[in-house]
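First the structure, in the form of structure tokens, and then the observations on it.
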Amino acid sequence: MSDEPLDDVTSLRRRLDELRTEHHDLDEAINRLAQLPLGDELMLRRLKKRKLALKDRIVAIEHLLEPDERA
545 MSDEPLDDVT
555 SLRRRLDELR
565 TEHHDLDEAI
575 NRLAQLPLGD
585 ELMLRRLKKR
595 KLALKDRIVA
605 IEHLLEPDER
615 A
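Counting in the numbering used here, the sequence shown runs from 545 upward without gaps.
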């Protein structure tokens, strides 16, 4: 008997933790950069865009792990 589904869930949970950590780190970097008097606006926009993309991936994985009751 294979544990593939369990391995998939474990892998998804691990990836979710990694993405959440990266999202948090980006949030801190954005806050630090925004506080600089001459902050790099282009870098700030790129970091915010990356943060939004990470959030989308986090939500997608959360839906895979905990499907909507109506589905």
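Glycine is no exception: its CB is placed at the ideal position from the N, C-alpha and C atoms.
Per DSSP, what kind of secondary structure is residue 611 in: helix, strand or coil?
In the sequence shown, residue 611 corresponds to position 67, counting from 1. Residue 611: coil per DSSP, three-state reduction.
Leaving out five residues before and five after residue 598 in sequence, what residues of the same chain have Cβ atoms less than 8 Å from its Cβ?
Start at 1 with the first residue of the sequence shown, and residue 598 comes out as number 54. These residues qualify, in order along the chain: 563, 566, 567 and 570.
Quick test of the definition: if touching needs 3 or more C-beta pairs under 8 Å, does the stretch 573–582 touch the stretch 599–610?
no
Roughly how many angstroms lie between the CA atoms of residue 590 and residue 550, to the nearest whole one?
Counting from 1 along the sequence shown, the entry for residue 590 is found at position 46. Counting from 1 along the sequence shown, the entry for residue 550 is found at position 6. Cα-Cα distance, rounded: 36 Å.
Residue 604 to residue 595 span [Cα, whole Å]:
As a working mapping, residue 604 is identified with position 60 in the sequence shown. As a working mapping, residue 595 is identified with position 51 in the sequence shown. Distance between the alpha carbons of residue 604 and residue 595 is about 14 Å.
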